[in-house]
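Just below is one structure, and these are the notes that go with it.
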Amino acid sequence: MKNSLKVERAKKDMTQQDLAERIQVSRQTVNSIEAGKYVPSTVLALKIAKVFDVGVEEIFQLEDGD
Amino acid sequence: MKTFSLLHVPMLDRRWRKLAFLFFPVSVLLVIAMAILRTGIDPDQAAEIIYLGWACGLTLLNLSKEKVEDEMIKTFRLQAFHTGFFWLMCGLVAVLAVNYYRYGSIHAEAVSAGMVLFLLNLYVWAAFEYQKWRSNEQNPS
Numbered sequence: 001m002k003n004s005l006k007v008e009r010a011k012k013d014m015t016q017q018d019l020a021e022r023i024q025v026s027r028q029t030v031n032s033i034e035a036g037k038y039v040p041s042t043v044l045a046l047k048i049a050k051v052f053d054v055g056v057e058e059i060f061q062l063e064d065g066d
Numbered sequence: 067m068k069t070f071s072l073l074h075v076p077m078l079d080r081r082w083r084k085l086a087f088l089f090f091p092v093s094v095l096l097v098i099a100m101a102i103l104r105t106g107i108d109p110d111q112a113a114e115i116i117y118l119g120w121a122c123g124l125t126l127l128n129l130s131k132e133k134v135e136d137e138m139i140k141t142f143r144l145q146a147f148h149t150g151f152f153w154l155m156c157g158l159v160a161v162l163a164v165n166y167y168r169y170g171s172i173h174a175e176a177v178s179a180g181m182v183l184f185l186l187n188l189y190v191w192a193a194f195e196y197q198k199w200r201s202n203e204q205n206p207s
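Chains as they are written, first to last, in our numbering: chain A, 1 to 66; chain B, 67 to 207.
This is how it looks when you write it as structure tokens:
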């Protein structure tokens, strides 16, 4: 699973900590999602999409092999 | 989202971690004190006391909250218990197999309750800390 979280965050000039506070997780969790080390649940993915006011599929995309 | 209440195990407050760290030196000091006072403690009993003390400490660490209890931590915890259980089973089978090879029969004494509790908690704790360490490795942000 690839994601454009870092790009979306940059568009909104938002730090990892800012996003973490908005979606009520730790900064490490945001960091892990951005790095592709952790795939968020549907609920968390929807919360992230809501923060950036875009659809989930605009941030998270399946890759070959997923 | 609702969860089945019987399956929900409340986590201990972080203050319990301080008590957990006390168990590690205290159980060793207790065994040393018993040896100095010549209470007639044998090496197997000494090992069992240390195993149980360390198992208590690790149990408290495994059941106490992290600073932020989010879904990634819950996923790590679930994976850690799974991994810990798997390695415990592998270890126990190996111990029993080695004993069977050496003595030609299964000795129940080869595996003590304290040892099992200690190893299970140790493997769970190690698997959990390893996942946290991996997730904390920085990526350019």
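Even for Gly, the Cβ is constructed at its ideal location relative to N, Cα and C.
8 angstroms Cβ cutoff met for residue i and residue j
i                 : j                 : result
LYS6 of chain A   : ARG200 of chain B : no
MET1 of chain A   : LEU62 of chain A  : yes
VAL25 of chain A  : ASP110 of chain B : no
ALA49 of chain A  : VAL39 of chain A  : no
LEU72 of chain B  : LYS131 of chain B : no
ILE115 of chain B : SER93 of chain B  : yes
Residues that residue i contacts on chain B, provided the C-beta gap is smaller than 8 angstroms
i                : result
VAL25 of chain A : VAL134, ASP136, GLU137 and MET138
LEU44 of chain A : GLU137
9 angstroms Cβ cut-off: residues of chain A touching residue i
i                 : result
ASN202 of chain B : GLN28, ASN31 and SER32
Residues near residue i by beta carbon distance below 7 angstroms, same chain, minus five either side
i                 : result
PRO206 of chain B : Below a pLDDT of 50, predicted positions are generally treated as unreliable, and PRO206 of chain B, at 48, falls in that range; no measurement from the model is reported.
ARG22 of chain A  : VAL51
ASN187 of chain B : ALA121, LEU124, THR125 and ASN128
LEU185 of chain B : LEU154 and GLY157
SER32 of chain A  : TYR38
Presumed contact (8 angstroms Cβ cut-off) between residue i and residue j, rounded CB distance
i                 : j                 : result
ALA193 of chain B : GLY150 of chain B : 6 angstroms
Interface residues of chain B facing residue i [CB-CB closer than 7 angstroms]
i                : result
SER4 of chain A  : Result: empty, since nearest Cβ-Cβ is about 14 angstroms, beyond 7 angstroms.
LYS12 of chain A : Within 7 angstroms Cβ-Cβ: nothing; LYS12 of chain A doesn't reach chain B, min ~14 angstroms.
Residues near residue i in its chain [Cβ-Cβ closer than 8 angstroms; skip 5 each side]
i                 : result
VAL177 of chain B : LEU158, VAL161 and LEU162
ASN3 of chain A   : ILE33, GLU34, GLY36, ILE59, PHE60 and GLN61
Contact with chain D by residue i, beta-carbon distance below 8 angstroms
i                : result
LYS50 of chain A : Absent from the structure: chain D. Protein chains present are A and B.
Closer than 9 angstroms at the beta carbon, the chain B residues around residue i
i                : result
LYS47 of chain A : Within chain B, no residue comes near LYS47 of chain A; the closest Cβ sits about 10 angstroms away, beyond 9 angstroms.
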